[in-house]
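Asker: So the sequence shown is residues 1 to 230, counted in full-length UniProt numbering. Glycine included, C-beta positions come from ideal geometry on N, C-alpha and C. Source: prediction; values computed, not measured. One structure, pasted below without further comment.
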Amino acid sequence: MHFIRPVGREASSRKYDLLSALMAHGLAGDKHRQRLVLRLMALITTRYNWQRDELTMGQTEIARLWAVDQRTVKRDMARLRELGWIVVKRPGARGRVSVLGISFTNIMRDTQPSWPNIGPDFIARMGSTAGVADNQDDKDTTIVPFRRRQVSTATTDCWANACAFLAQNNPSQFDAWIAPLTDEGIEGGQLILIAPSRFHASYVRTNLMERLVTAVRTVDPSLSGVLLRS
């Protein structure tokens, strides 16, 4: 996924979309995530240059804006860099502060599970503005399909029962990431699932695979695990 930078005729709406995605992501998390997201939003709304994709602000200024000490600034800015939300464009040198940039693509990718909390109109809008293929081989990964909760067509009772369990525990996460998976049956003692894109499969493997395996083995202990393909 590549999120188009908020410049040009539709810049205002895209800025609101970015901030809305961050807001929903923060509200869906614990107090630590909420605080980190709020601090990033403060930097974006007060000091970020949208046209040039530049954030030039010293630690003293950031500490004053956030009402914290510089140690907290160092810790949270490091965390934002680890997430890939903030990138260093030019390191500080000779008394000058670093020039930072904002990775809209990484932010929108990481906040995507919370989009259903905003509403189907937001998801539909993001489908037309956020998805741009990075190369020709990834044309099928431009948009991650979202749908209202429905269990994927299942060829096994195992997957149907696992879906019911997963949907009950976290409906919005199920809508966004699990419902689009297709049951392809059992092979070598593993349940085979097909993701709609490589991006979708990568996200599920990284963030949800343990949950999927637990649900599948709960309903059918004879299975050794889940094999996800795209």
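(1) Going by DSSP, which residues form a beta bridge with residue 61?
(2) Can you say whether residue 25 is buried or exposed, counting buried as having 16 or more other CB atoms within 10 angstroms of its CB?
(3) May I have the straight-line CA-CA distance separating residue 104 from residue 185, to the nearest angstrom?
(4) Grab me the residues of residue 57's own chain with a C-beta within less than 6 Å of its C-beta, minus the 5 sequence neighbours each way, in chain order.
(5) In this structure, does DSSP put residue 223 in helix, strand or coil?
(6) What's the call for residue 70, buried or exposed, on a 16-neighbour Cβ count within 10 Å?
(7) Would you mind giving the Cβ-Cβ distance between residue 228 and residue 195, rounded to the nearest angstrom? I have them listed as a contact below 8 Å.
(8) My guess is that residue 215 and residue 162 are in contact by the Cβ rule of under 8 Å, so how many angstroms apart are they, rounded?
(9) Based on DSSP bridge pairs, tell me the residues matched to residue 190.
(10) Residue range of the alpha helix (DSSP H) that residue 73 falls in?
(11) Thinking C-alpha only, which one of 28, 17, 94, 225 is nearest residue 189?
(12) Closest to residue 91 by C-alpha separation, out of 117, 158, 54, would be which residue?
(13) With respect to the beta strand (DSSP E) encompassing residue 44, which residues constitute its N-terminal and C-terminal limits?
(14) Would you mind reading off the limits of the alpha helix (DSSP H) that contains residue 86?
(15) Pop quiz: residue 107 and residue 85 are said to be a contact at Cβ under 8 Å. What is the actual Cβ separation, rounded to whole angstroms?
(16) Return the residue from the list 37, 218, 110 that minimises the CA-CA distance to residue 160.
(17) What are the boundary residues of the beta strand (DSSP E) that includes residue 102?
(18) Indicate the three-state DSSP secondary structure (helix, strand or coil) for residue 122 in the structure shown.
(19) Need the endpoints of the alpha helix (DSSP H) that residue 176 sits in, please.
(20) May I ask you to verify whether the stretch 16-24 touches the stretch 110-124, counting CB pairs closer than 8 Å and requiring at least 3?
(21) Between which residues of its own chain and residue 81 is the CB-CB distance below 8 Å, once the five residues before and five after are set aside?
(22) What residue range does the alpha helix (DSSP H) around residue 166 cover?
(23) Using alpha carbons as the reference points, say which of 158, 199, 111, 32 lies closest to residue 183.
(24) Determine the closest residue to residue 191 out of 223, 200, 206, 28, with distance taken between C-alpha atoms.
Answerer: Well, looking at it:
(1) Here residue 61 corresponds to residue number 61 of the sequence shown, with the count starting at 1. The secondary-structure analysis by DSSP pairs residue 61 with nothing; it has no beta-bridge partner.
(2) Here residue 25 is taken as the residue at index 25 of the sequence shown, counted from 1. Residue 25 should be labelled buried.
(3) Here residue 104 corresponds to residue number 104 of the sequence shown, with the count starting at 1. Here residue 185 corresponds to residue number 185 of the sequence shown, with the count starting at 1. Roughly 38 Å between the two C-alpha positions.
(4) Here residue 57 corresponds to residue number 57 of the sequence shown, with the count starting at 1. Result list for residue 57: 47, in chain order.
(5) For this step, residue 223 is matched to residue 223 along the sequence shown. Coil.
(6) Along the sequence shown, one-based indexing puts residue 70 at 70. Residue 70 should be labelled exposed.
(7) Here the question's residue 228 lines up with position 228 in the sequence shown. Here the question's residue 195 lines up with position 195 in the sequence shown. 6 Å between Cβ atoms; contact.
(8) Along the sequence shown, read from residue 1 onward, the residue named residue 215 stands at position 215. Along the sequence shown, read from residue 1 onward, the residue named residue 162 stands at position 162. Confirmed, Cβ separation roughly 4 Å.
(9) Against the sequence shown, residue 190 aligns to sequence position 190. Paired residues: 187, 225.
(10) The sequence position of residue 73 within the sequence shown is 73, counting from 1. It spans 70-83 - the alpha helix (DSSP H) in which residue 73 sits, taken as one unbroken run.
(11) To locate residue 189, count along the sequence shown from 1; it is residue 189. Looking at the Cα atoms, 225 is the closest of the given residues.
(12) As a working mapping, residue 91 is identified with position 91 in the sequence shown. With distances taken between Cα atoms, residue 91 lies closest to 54.
(13) On the sequence shown, position 44 is the one that residue 44 refers to. That residue, residue 44, is in no beta strand (DSSP E); its alpha helix (DSSP H) goes 31-47.
(14) As a first step, residue 86 is located in the sequence shown; it is residue number 86 there, counting from the start. First-last for residue 86: 86-90, but that is the beta strand (DSSP E), not the alpha helix (DSSP H).
(15) Mapped onto the sequence shown, residue 107 falls at position 107. Mapped onto the sequence shown, residue 85 falls at position 85. Contact flag correct, Cβ pair sits at about 5 Å.
(16) As a working mapping, residue 160 is identified with position 160 in the sequence shown. Of the candidates 37, 218, 110, the one whose C-alpha sits nearest the C-alpha of residue 160 is 218.
(17) Taking the first residue of the sequence shown as position 1, residue 102 is located at position 102. Start and end: 99-102.
(18) Here residue 122 is taken as the residue at index 122 of the sequence shown, counted from 1. Residue 122: helix per DSSP, three-state reduction.
(19) By 1-based counting over the sequence shown, the position of residue 176 is 176. Residue 176 -> no alpha helix (DSSP H), and no H or E assigned at all.
(20) Because the criterion of three Cβ pairs below 8 Å is met, the stretch 16-24 and the stretch 110-124 touch.
(21) On the sequence shown, position 81 is the one that residue 81 refers to. Taken in chain order, the residues that qualify are 87, 88.
(22) Counted from its first residue, the sequence shown places residue 166 at position 166. Segment 157-169, the alpha helix (DSSP H) holding residue 166.
(23) Position 183 of the sequence shown, counted from the first residue, corresponds to residue 183. It is 158.
(24) For the purposes of this step, residue 191 is taken as residue 191 along the sequence shown, with counting starting at 1. That would be 223, whose Cα lies nearest to the Cα of residue 191.
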